Ligand SMILES: Nc1ncnc2c1ncn2[C@@H]1O[C@H](COP(=O)(O)OP(=O)(O)OP(=O)(O)O)[C@@H](O)[C@H]1O
Ligand SMILES: [Mg+2]
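Structure below.
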């Protein structure tokens with residue numbers, strides 16, 4: 133039997149706001165195998181980042197895992213205290229954020245921060261750690277790493293800062309890398325470079341990855357398995373081929389139809405969804421997508437469809453495509 137590196141089982145994460153409860157993640161399950169890249173897509177507010185923060189033990193104070201398990205190598209992370217989490221975070225599971233500038237300290241040189249991080253996680257001397265830092269900067273494609281080490285974050289472009297962040301994360305050799313919108317603050321050509329870099333590093337190091345991105349094209353290219361989230365639930369999952377070529381769920385269909393096609397024979401009108409994603413304070417009854425669904429019928433507002441598996445994919449819909 134293959135044991136998954138990470139198994140999310142029926143995860144529920146809620147926030148308390150005044151006397152109200154926000155069900156941000158509402159019972160999701162998925163696996164990440166060794167060497168596998170899993171992607172999460174979905175509109176803003178669907179619970180992608182809250183999923184990542186739940187795994188990392190980084191929920192804000194008003195957030196709480198209320199049900200379910202996060203099994204990493206068989207250990208339930210949802211049971212760990214902050215001290216135990218520090219053994220996992222970084223070393224086992226690395227996290228790359230959207231805004232690399234915010235994660236770097238402006239008053240210390242890049243070299244200072246890298247050497248510090250490396251020494252915190254390995255038994256290297258200062259000069260060994262410096263050599264490691266140079267190697268890491270080289271591996272993420274930063275030219276002239278010796279000079280770069282003496283510079284401050286503001287002397288780096290956004291794209292270079294993100295490379296430094298990736299190098300810092302790799303310094304701890306995590307087995308699982310979680311990248312939440314790792315390229316959102318970068319321009320398009322740099323985005324592609326960073327994603328290719330991540331894909332290569334993943335291959336070289338045998339890491340597993342969880343990528344969250346709004347860029348569906350990127351997801352198609354880099355993921356082995358894709359989860360489509362809507363209002364805290366997974367509504368469809370499958371291989372890029374399942375999701376992009378033969379989407380079953382009307383929500384996935386609408387998301388895919390919004391990708392501009394470069395093939396003139398493939399021009400299709402985007403399916404416009406009615407209105408905005410509802411507030412998680414007022415999750416619609418039945419299928420939570422029914423208020424915006426072009427295929428909805430009476431049953432959809434009354435009964436909640438469950439995920440049903442069909443080969444490599446699963447979807448939760450009574451009237452799929
Ligand atoms: N600290 C918080 N307090 C209350 N509600 C929160 C908090 N953080 C997130 N939420 C709510 O949880 C839901 C899921 O948020 P999340 O950040 O996971 O969305 P997302 O899918 O990452 O969206 P985006 O694509 O914009 O990053 C949203 O409705 C959000 O408003
Ligand atoms: Mg997010």
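Numbering (this note's numbering), first residue to last: 133 to 453.
Ideal Cβ positions, reconstructed from N, Cα and C, are used throughout, including at glycine.
Note that this is a predicted model, so its numbers are computed, not measured.
- For residue 369, the Cβ stays outside the 7 Å cut-off from all heavy atoms of ligand 1.
- The beta carbon of residue 206 sits closer than 8 Å to those of 135, all from its chain and outside the five residues before and after it, given in chain order.
- DSSP, read as helix, strand or coil, puts residue 167 in coil.
- Ligand 2 has no heavy atom closer than 7 Å to the beta-carbon of residue 406.
- Taking C-beta atoms under 8 Å as the contact rule, residue 186 and residue 145 qualify, at a distance of about 5 Å.
- Annotation note: the region 367–396 contains the following uninterrupted alpha helix (DSSP H) runs of length 4 or greater, listed N- to C-terminal: 382–389.
- Relative to ligand 2, the beta carbon of residue 175 is positioned no closer than 7 Å to any heavy atom.
- Per DSSP, residue 325 is one residue of the alpha helix (DSSP H) stretching across 320–337.
- Under the three-state reduction of DSSP output, residue 278 falls in the helix class.
- Closer than 7 Å to some heavy atom of ligand 1: that does not describe the Cβ of residue 360.
- For residue 219, the enclosing alpha helix (DSSP H) covers residues 214–220.
- As summarised for the region 285–317, the continuous alpha helix (DSSP H) elements at least 4 residues long and confined to that stretch are 290–302, given in chain order.
- Nearest in C-alpha terms to residue 351, of all of 417, 337 and 327, is 327.
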